[in-house]
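Report on one structure; see the data block that follows.
4 protein chains.
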Amino acid sequence: MLRFDSDYTEGCHPRVLAALTESNMEQTPGYGEDPHCARARELIRAACAAPEAEVHFLVGGTQTNALVIAAALRPWEGVISAESGHINCHETGAVESGGHKVMTLPHENGKLSAAAVRAAVENARNDPNAEHIVQPGMLYISQPTEFGTLYSKAELEALSAICRAADIPLFLDGARLGYALAAAPSLTFPDYARLCDAFYIGGTKVGCLFGEAVVLCNAALKPHFRNLMKQRGAMLAKGRLLGIQFETMFEDGLYLACGQNAVDAARRVRAALLERGLPLAFDSPTNQLFVNLTRSQMEKLERGFALGHWDAGSGENMTLRICTSWATTPEQTDALIAAIREL
Amino acid sequence: MLRFDSDYTEGCHPRVLAALTESNMEQTPGYGEDPHCARARELIRAACAAPEAEVHFLVGGTQTNALVIAAALRPWEGVISAESGHINCHETGAVESGGHKVMTLPHENGKLSAAAVRAAVENARNDPNAEHIVQPGMLYISQPTEFGTLYSKAELEALSAICRAADIPLFLDGARLGYALAAAPSLTFPDYARLCDAFYIGGTKVGCLFGEAVVLCNAALKPHFRNLMKQRGAMLAKGRLLGIQFETMFEDGLYLACGQNAVDAARRVRAALLERGLPLAFDSPTNQLFVNLTRSQMEKLERGFALGHWDAGSGENMTLRICTSWATTPEQTDALIAAIREL
Amino acid sequence: MLRFDSDYTEGCHPRVLAALTESNMEQTPGYGEDPHCARARELIRAACAAPEAEVHFLVGGTQTNALVIAAALRPWEGVISAESGHINCHETGAVESGGHKVMTLPHENGKLSAAAVRAAVENARNDPNAEHIVQPGMLYISQPTEFGTLYSKAELEALSAICRAADIPLFLDGARLGYALAAAPSLTFPDYARLCDAFYIGGTKVGCLFGEAVVLCNAALKPHFRNLMKQRGAMLAKGRLLGIQFETMFEDGLYLACGQNAVDAARRVRAALLERGLPLAFDSPTNQLFVNLTRSQMEKLERGFALGHWDAGSGENMTLRICTSWATTPEQTDALIAAIREL
Amino acid sequence: MLRFDSDYTEGCHPRVLAALTESNMEQTPGYGEDPHCARARELIRAACAAPEAEVHFLVGGTQTNALVIAAALRPWEGVISAESGHINCHETGAVESGGHKVMTLPHENGKLSAAAVRAAVENARNDPNAEHIVQPGMLYISQPTEFGTLYSKAELEALSAICRAADIPLFLDGARLGYALAAAPSLTFPDYARLCDAFYIGGTKVGCLFGEAVVLCNAALKPHFRNLMKQRGAMLAKGRLLGIQFETMFEDGLYLACGQNAVDAARRVRAALLERGLPLAFDSPTNQLFVNLTRSQMEKLERGFALGHWDAGSGENMTLRICTSWATTPEQTDALIAAIREL
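Residue numbers (the working numbering), protein chains in the order written: chain A, 76 to 418; chain B, 76 to 418; chain C, 76 to 418; chain D, 76 to 418.
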């Protein structure tokens, strides 16, 4: 059984493991105040052309989202998100648990339009009962989205411009940012740093054992972020474990290579699906593909492959999610393609 | 200028004021542990035919909603509400501030269908990622709804049955319950007590100076409710002020009479609107009417009357809300009707 | 049975009731946006010589404390309080419920020393593990304290200076401020407004039916305070009820007169206690007296008077609290004094 | 420079690293639903002789404490802790951030007496104002304590008996439980499982890269614990990383061996300190030693060794903390002892 159901089925890239092994018996201070974290921060700031940015290392995505949002919002504020946003759907109410409403907007394949965001902000502020209404205090998007889709540079610039005009920070969830960078190289790290107030570079799903690197670009989000991390149980005692991983990822381009591997594999699988005439539920340029299968096709394919169940659909048709990753080998991709051809 | 824009524009029914005046220099213990509160509780339990119910007196609706919901939910649970629900739209995120998600469902004129509620519960529980999804822990409805509409007895029974089958409490927001009782007398206090796990009898909008009486029918909601009240700043030092008001309201039917006065006035206004050919945005049997006017009609009417702006509509048409109340006099209604006829 | 166990055993001053009665059928907008609230705010600002202050009307003390503290603190901050502070002891964890630690310091008869506050702030900030420690974000004191004692002008100035040097706001809980003003007239409303960042003028215990007037002097505390009020269930629908009461209290000195009545009565009772040779547990210049009685003295006195049980003491001795109030009549005081003489 | 300042200065035990390396390219499901986690749970249940216990794997101690406490408490409840407790002092208010008060009691070298706990519970429950007082809902202790001290079996039994009599769960923070097990082998895993309602087996400080294993013995704490984990950002995507580590620790006694290594080293250092006539601030049988040094002794020792600064003391004297760990080698211990002898 080969797993194509998610992009966190293996441990980590062998080079990351090697770095952890090599440094294992080094003695360092805790809580991220070690030389590996310091160097990893410098490498990320350099990659982002953002020398003033603060970089923090966290363990996972839900934790990261909740923290950045908590750092940004005052109690009466909420965060705008697509209805399909991870914070709205799949974090067991983490944002609300921190006291804030997720203010949802309709989406198109996971993406929000700039016009819809502007209207939402204006409506909340101009409502005659504005004091009775949660006020937007942040915009949350993800890149790629839950649907594997991408904001173009123009779209991201439009969202950024609206957020700055409205004076609310833009936060980009980059749990799979490596796959976005590979699929749409015209949007680079410096672009994300320039257009976002905060974003994170996902490690868990892109070759690290675990870990996310938050980049805080907006000065207003920086004060006491580490206090918040500690309070919410997000300051790793051996913070160096995160520093070592991101140091490895950023010292010579491994992060981008991990992303490229997954996108290349996904492109091959996508071509095979189309060639076989299997309809995509919606098109995705990144490492997640969404294909409509009949129930019997699904059962046949799942004999050899674990796949994600995206939508039960009605009756005979199902939408399945196929994930490639930094770890997908050509042989695994070949096997999947062969099975697709036989459907 | 006559105000028909809300049902809390005056102080309180003269008999309530008289009772407050008469008792003013009595000395009593604080925090609701006085004879007036005791008697008011007894009167409400008797009216509800619910001798086991706990009755608590609170100051306002947002406070009441937040408290009952906090008493019911565990941290990972949310409360189902219509998208139009007061807790979702007009309480500045009070429920989320307490750590819980408002799980919204589409509505029809403010009402939820039993089928939609059942599906929402089942989907959340049966999702393969159920641990990543907020689980429904309560159903919140209001009677009348934000649209002035009413659940019929059959509809309320269906919702109640679903909640009991799913083992989640049903909480009914009765901020305007007096107007529901007058408009739909087939649903009585004992019905509400029988079908709901908790509900509240709104005083603020139905003749009291202020105050809401929460009726906790489900034993699971009772323990330490007063501790929660104190913690959330909702335990009035001179609790007797609430006891005196509800005592007056329930000792000989004043609460129902207050409701009837508003509904009678609203019926006269509704008839005048229809007679004049002015379209209702949707029909309401209670004390709130929603009428579509042109901008020039609106401006003309608002020269003499304060009205609620429900929806800016597009271009020339507006939906206005007309509220009658326990305080509306026949002369005030006559004046409004005369103005409607001249539109 | 006469009650001297608290200062909220009656309703309100007759003039307050008359004002509520007179205005009862006026029609006004809700939520504190009516002419009575506007005038009451102006009167309070004038009394405080603080034309820039924001004044908000709230229902009760726990609610007020929780709100002002929530408006001041970021998530990782706590509020410094005496161990005996009301927020620490008698609000069922309201501050913690809002996410913040109450950082307690030892006290002397309810009072904090400036040196202790300074040391607490410095220790928290200079700790090598400062990120792991709650950082002080506000100082909370009460005037009078829980022990009926008062900060002198010099003491309040010292606390204020330390808070400003440390850049943390000073919040003064004035639930019984009227009694402080009567007992120590050298500290005036303008002094409180000048030295505090926020304070509240207690109405519930000083002649109002209910209500507290928050005075926000520090501009940083003002933004969106009303949103927070609404969110926490603290925005009264008929906000005018509070405006009418404070308007009456401040239009010609009634608030100060209410305070004076209680302090005058307490002085008479205190003299009687000392004359009778009954030891004070600690001396209080305000409307609360704390006297040590033997169990048999207590039982004798409690046949005719309800008193507060402050401390069970050990064995035969009890500390009882005697409260006078705005409502205490000379005849009631005479009766208590007569009983004291007969102990 | 050798580090004896904490027990998390290295990575992990080589066997743990080997297990992570060996399993690195295995494909497994996420979120702790993999065979390694399943086996690790079984091994821990077996070690604890607690077949009904639920075992969950978390990343760090603050996170674990906050979660278990959140699972146990209702909103109006707090958790009893020693004033010196980690949750009170060094978690940036994590418990309060979740809405709950830490109810502190005085301690003796980090330990609480059963009598003090019983009195605290009784006082809170029997207070005439019990509704205004946070009610104890859990007892939190740590073993070893912050002072390196240990509860004896009799002491732990007494605390357990009081908690059961009072119907509040007993939660034991075992961040360094391995060192307690080595220093006081008469208290075994089955004892902890029998006497506690919940406890955790610390991995971060006892040989794992990171990770804590929570053992929930009391059925009331189990429902939906994983939902809470996910909500609070504590459900690791690659949960297997924790399973693999604890599997390794528990399959043949490695966890106990790690503890023993540190305790053996600490005993040698302790003997050297006493032999040299250096006074212990208080005695500790576990891997943390607290020694009083003069400033010049400290400076001399710190030329070669990183040590913990426990207490600045007054003037010339300092209390330093010396930590050994699973990673301390005989050579490192020899070096430290040699330096101590030369002080």
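The beta-carbon is built from N, C-alpha and C at its ideal position, and this holds for glycine as well.
All figures in this text were calculated on a predicted structure; none of them were measured in a lab.
Boundaries (first-last residue) of the beta strand (DSSP E) holding C:L353: That residue, C:L353, is in no beta strand (DSSP E); it is neither H nor E in DSSP.
Where B:D82 falls, given that 16 or more other Cβ within 10 Å makes a residue buried: buried
Terminal residues of the alpha helix (DSSP H) in which C:G253 lies: L252 to A258
Min CB distance C:G174 to chain D below 8 Å: yes
Sheet register partners of D:C398 (DSSP bridge): D:Q363
Delimiting residues of the beta strand (DSSP E) encompassing C:Q210: Here the beta strand (DSSP E) through C:Q210 covers Q210 to S217.
Listed by chain order, chain D residues near B:P211 by CB distance under 7 Å: Near B:P211 there are no residues of chain D at all, since even the closest Cβ is about 12 Å away, more than 7 Å.
Any chain B beta carbon closer than 8 Å to D:N302: yes
Whole-angstrom distance between C:A146 and A:E152, CA atom to CA atom: 12 Å
Nonlocal neighbours in the same chain, by C-beta distance under 6 Å from B:A258, ignoring five residues either side: V338, P360 and T361
Under 8 Å between C-beta atoms of B:T323 and B:R90: yes
Local conformation of D:F488 per DSSP, three classes: Outside the modelled stretch of chain D, which goes from 76 to 418, sits residue 488 of chain D, for which no answer is possible.
Residue environment, B:A288, which counts as buried when at least 16 other CB atoms sit within 10 Å: buried
Backbone CA spacing between D:T279 and A:K305 [nearest angstrom]: Straight through space, the alpha carbons of A:K305 and D:T279 are spaced by roughly 16 Å.
Three-state class that DSSP yields for B:R370 in the structure shown: helix
Chain A contact for C:H299 (CB, 8 Å cutoff): yes
Neighbouring residues, chain C, relative to B:M178 (Cβ below 8 Å): In chain order: nothing, as chain C lies at least about 19 Å away.
Same chain, Cβ closer than 8 Å to A:L180, five either side skipped, listed in chain order: I155, S156, A157, E158, L187, A191, V192 and A195
Contacting residues, own chain, Cβ-Cβ under 7 Å from C:C333 (five flanking each side not counted): H88, G253, V281, G282 and W401
A:A273 beta carbon less than 8 Å from that of A:P298: no
Nearest-angstrom Cα separation, counted from D:C123 out to D:P265: Going by C-alpha positions, D:P265 is about 4 Å away from D:C123.
Any chain D beta carbon closer than 8 Å to A:A141: By the rule that beta-carbons nearer than 8 Å mark a contact, A:A141 touches chain D.
Where A:F274 falls: helix, strand or coil (DSSP): strand
Which residues DSSP lists as bridging C:E383, in chain order: Sequence inspection shows Gly at residue 383 of chain C; the Glu mentioned does not correspond to that position. Paired residue(s): C:R396.
Nonlocal neighbours in the same chain, by C-beta distance under 6 Å from D:R120, ignoring five residues either side: P126 and A128
Beta carbon of A:T220 nearer than 8 Å to that of A:N184: Between A:T220 and A:N184, the C-beta spacing is below 8 Å.
Partners in chain D for A:Y83, counting only beta-carbon separations shorter than 9 Å: What A:Y83 touches in chain D: G105, A312 and K313.
B:E101: contacting residues in chain C (beta-carbon distance under 8 Å): By Cβ distance, chain C contributes E85 and G86.
C:Q372 at chain A interface by Cβ criterion, 8 Å: Judged by the 8 Å Cβ criterion, C:Q372 is not in contact with chain A.
Beta-carbon neighbours of D:I208, restricted to chain C and to distances below 8 Å: C164, H165 and T167
Range covered by the alpha helix (DSSP H) that runs through A:I162: H161 to C164
Residue-level contact to chain A via CB, C:Q320, 8 Å cutoff: Output row for C:Q320: interface = no.
Continuous beta strand (DSSP E) assignments of at least 3 residues falling wholly in the segment 87 to 170 of chain C: 129 to 133 and 152 to 157
Rounded separation between D:I162 and D:A169 - CA only: 7 Å
For C:G286, the nearest candidate out of B:F365, B:V134 and B:P211 (CA to CA): Ranking B:F365, B:V134 and B:P211 by Cα distance to C:G286 puts B:V134 first.
Listed by chain order, chain A residues near C:R200 by CB distance under 8 Å: In chain order: nothing, as chain A lies at least about 11 Å away.
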